[in-house]
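For the sequence shown, the positions run 23 to 417 when the numbering used here is used. Don't be surprised by glycine CBs; every beta carbon is placed ideally from N, CA and C. Everything below concerns the one structure shown next.
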Amino acid sequence: MLNLSPPIYALLIATFLQKFTEFLVIPFLSIYLVSQYHYSGFTVGTILAVVAITKMVMSFIAAPFLDQYDKKVIIYIGLSICVISFASFPFIHNYIGFIAFSIFSSVGTSLAVPLYKALISILSPEDKKKLVFNVRYYLINLAAAFAPLLSTQWRAIGYANLFYAVALAYSINILVFVYTFTKFNIDLSHFKQATSLSFKRSINIFKNNISFVYLIAGAIFFTFGYNQMTVLLPQFFTHEHGAHTASSLYAQLVLVNGITVLTCQYFIYKIGNKVPTKNAVMIGGTLLPIGLLLLGTMTHIVMLIVAMFIFTIGEMFVFTMLDIRIDEISQEGLKGSYYSLAGLQNFGGLLAPLLGGYLLDVTQHGFILFGILALITFISVWMFSLSKKKEIYTA
Numbered sequence: 023m024l025n026l027s028p029p030i031y032a033l034l035i036a037t038f039l040q041k042f043t044e045f046l047v048i049p050f051l052s053i054y055l056v057s058q059y060h061y062s063g064f065t066v067g068t069i070l071a072v073v074a075i076t077k078m079v080m081s082f083i084a085a086p087f088l089d090q091y092d093k094k095v096i097i098y099i100g101l102s103i104c105v106i107s108f109a110s111f112p113f114i115h116n117y118i119g120f121i122a123f124s125i126f127s128s129v130g131t132s133l134a135v136p137l138y139k140a141l142i143s144i145l146s147p148e149d150k151k152k153l154v155f156n157v158r159y160y161l162i163n164l165a166a167a168f169a170p171l172l173s174t175q176w177r178a179i180g181y182a183n184l185f186y187a188v189a190l191a192y193s194i195n196i197l198v199f200v201y202t203f204t205k206f207n208i209d210l211s212h213f214k215q216a217t218s219l220s221f222k223r224s225i226n227i228f229k230n231n232i233s234f235v236y237l238i239a240g241a242i243f244f245t246f247g248y249n250q251m252t253v254l255l256p257q258f259f260t261h262e263h264g265a266h267t268a269s270s271l272y273a274q275l276v277l278v279n280g281i282t283v284l285t286c287q288y289f290i291y292k293i294g295n296k297v298p299t300k301n302a303v304m305i306g307g308t309l310l311p312i313g314l315l316l317l318g319t320m321t322h323i324v325m326l327i328v329a330m331f332i333f334t335i336g337e338m339f340v341f342t343m344l345d346i347r348i349d350e351i352s353q354e355g356l357k358g359s360y361y362s363l364a365g366l367q368n369f370g371g372l373l374a375p376l377l378g379g380y381l382l383d384v385t386q387h388g389f390i391l392f393g394i395l396a397l398i399t400f401i402s403v404w405m406f407s408l409s410k411k412k413e414i415y416t417a
């Protein structure tokens, strides 16, 4: 047993449910928009890019408030917005509606998710912090393994029921937090920042913490490459194999992604205890673009599995260690702000569908397309290296 406090378990459950719904919807949404509405790659890219734009804007808007106001209330508000957004999706049938859905659903998650990470950082015992973040990431990938398999059955389930199920999952999240905070009388008031925060203070975090600046810059390029798996790869497979085969092939590869995490997360955790976090993110930044290039150029299923394995190991190193790295270089009392500002990595998520979709419209040659994307992603290694060298900040 991990022997953690009830809020930590609630945060881990909430993380699993949130990521399960995300991996359930995003790949399905790309295929759904292409097959049902015949949108171009760039049009689908703009819809998905709005998600990243909203999260990026919310990183600045929400950051000053996450450490200043009641974290429980902010979580409830964020999750309630998500419930309303996903419950409304079955009634949307036009481009503007899909844009609105992207905005509101992203606002909800942008309020709740940074606080999940901040509270894990605050409430976890110091000697178990790395373990908790590894368990968190393990649950994320457990969701990633099974959610896309369910999304491929959307024709049988009905897309309306699929989104109602997502709304139900967010409702369960709310109930889990209400029960935990009430049952165990969790008081988070002493985790609020005593002094008033402002947007200027958020900007000063970047000004005073150069290591954090380079870390987030690296995360932007890395996220750009990682997001190609969810926003471009399904479209690429759809163009290459057709919607039905693309859904099946993509689900198999995502299952490989999940199985790799299930079998290798313990080893990543052990390596993370021996290798400095700053070095671990550089290892991941090297492996993921290699896997990305192979995913776009290999045709045999065995080689695609190998490519996904390499891609996943890189992903595991960075996303497991990134939150730990932020915890290492962030100031006490500003954890919520740091994790919210870390959402600026979604700028990579913004560029991913736009540039990826544009390149897909220009060329469907796998080596050219994914070669360009892999080179851009590899810039993350340089940024992580600079972050390692500039590990200084002022309070």
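Which whole-angstrom value is the C-beta distance of Ser-107 and Phe-120, which I expect to be below 8 Å? In fact, because the Cβ distance is near 12 Å, the residues do not count as touching under 8 Å.
Quick one: residues in its chain with C-beta nearer than 6 Å to the C-beta of Thr-416, no 5 flanking neighbours on either side, listed in chain order? Since pLDDT at Thr-416 reaches only 42, below the 50 mark, its modelled position is unreliable, and the value read off the structure follows with that caveat. For Thr-416, where only same-chain residues beyond five positions count, the Cβ hits under 6 Å are Asn-230.
Among Phe-45, Ile-144, Thr-37 and Leu-133, whose alpha-carbon lies nearest the alpha-carbon of Ser-352? Nearest of Phe-45, Ile-144, Thr-37 and Leu-133 to Ser-352, Cα basis: Ile-144.
Assigned secondary structure, Asn-116 (DSSP; H/G/I helix, E/B strand, else coil): The answer is coil: DSSP assigns Asn-116 none of H, G, I, E or B.
Under 8 Å: do the stretch 29-42 and the stretch 138-152 share three or more Cβ pairs, one atom per stretch? Yes, the stretch 29-42 is in contact with the stretch 138-152.
When DSSP labels each residue in this structure, what does Asn-156 get in the three-state scheme? The answer is helix: DSSP assigns Asn-156 an H, G or I state.
Nearest to Phe-168 by CA position, among Phe-42, Phe-406, Thr-267 and Thr-308, is which residue? The closest CA to that of Phe-168, considering only Phe-42, Phe-406, Thr-267 and Thr-308, is found on Phe-42.
Can you tell me whether Asn-231 is helix, strand or coil according to DSSP? Assignment of Asn-231 by DSSP, reduced to helix, strand and coil, places it in the strand class.
Quick one: Cα of Thr-299 to Cα of Ile-227, how far? Going from the Cα of Thr-299 to the Cα of Ile-227 covers about 21 Å.
Count the C-beta pairs between the stretch 367-379 and the stretch 62-70 that are closer than 8 Å, then say yes if the count reaches three, no if not. Touching, yes.
Nearest-angstrom Cα separation, counted from Phe-203 out to Thr-334: Cα-Cα distance, rounded: 35 Å.
Please list, in chain order, all residues of the same chain as Val-105 whose beta carbon is under 7 Å from its beta carbon, the five residues on each side excluded. Ala-189, Tyr-192 and Ser-193, listed in sequence order.
Using 10 angstroms around the beta-carbon of Glu-44, count the other beta-carbons present and answer buried if the total reaches 16, otherwise exposed. Per the 10 Å Cβ criterion, buried.
7 Å CB neighbourhood of Arg-347 in its chain, flanking five on each side removed: Cβ neighbours of Arg-347 beyond the five flanking positions: Leu-237, Thr-299, Lys-300 and Val-303.
Pairwise C-alpha distance: Lys-410 and Phe-289: Straight through space, the alpha carbons of Lys-410 and Phe-289 are spaced by roughly 23 Å.
Phe-38, DSSP secondary structure in three states: Helix.
If you compare alpha carbons, which of His-261, Phe-406 and Val-328 is closest to Thr-308? Of His-261, Phe-406 and Val-328, the residue nearest in Cα terms is Phe-406.
Of all the options Val-198, Tyr-61 and Phe-234, which has the alpha carbon lying nearest to the alpha carbon of Ile-97? Here the closest residue by C-alpha is Val-198.
Specify the secondary structure class of Asp-345 as computed by DSSP and reduced to three states. In this structure, Asp-345 counts as helix in the three-state DSSP scheme.
Between Ala-74 and the rest of its own chain, which residues show a CB-CB distance below 6 Å, the 5 nearest in sequence each way excluded? Here the set comprises Asn-368, Gly-371 and Leu-372.
Just the C-alpha distance for Leu-381 and Thr-285, rounded to the nearest angstrom, thanks. Rounded to the nearest whole angstrom, the C-alpha separation of Leu-381 and Thr-285 is 35 Å.
Can you find the residues in the same chain that come closer than 7 Å, C-beta to C-beta, to Val-95, ignoring five residues on each side of it along the sequence? No residues qualify anywhere along the chain.
Determine the extent of the alpha helix (DSSP H) in which Lys-357 is found, giving its start and end residues. Per DSSP, Lys-357 belongs to the alpha helix (DSSP H) from 357-363.
Pick from Leu-314, Glu-337, Leu-344 and Met-330: whose alpha carbon is nearest that of Phe-389? Here the closest residue by C-alpha is Leu-314.
With 16 other CB atoms within 10 Å as the buried threshold, where does Lys-205 fall? Counting C-beta atoms within 10 angstroms of its own C-beta, Lys-205 has fewer than 16 neighbours from the protein chains shown and is therefore classed as exposed.
Cβ separation of Leu-133 and Gly-180, assumed to be a contact under 8 Å, to the nearest whole Å: Beta-carbon to beta-carbon, Leu-133 and Gly-180 are separated by about 29 Å, too far to satisfy the 8 Å threshold.
CA-CA distance, Phe-109 and Ser-57? According to the sequence provided, residue 109 is Ala. The question's Phe does not apply to it. For the pair Ala-109 and Ser-57, the Cα-to-Cα distance works out to about 22 Å.
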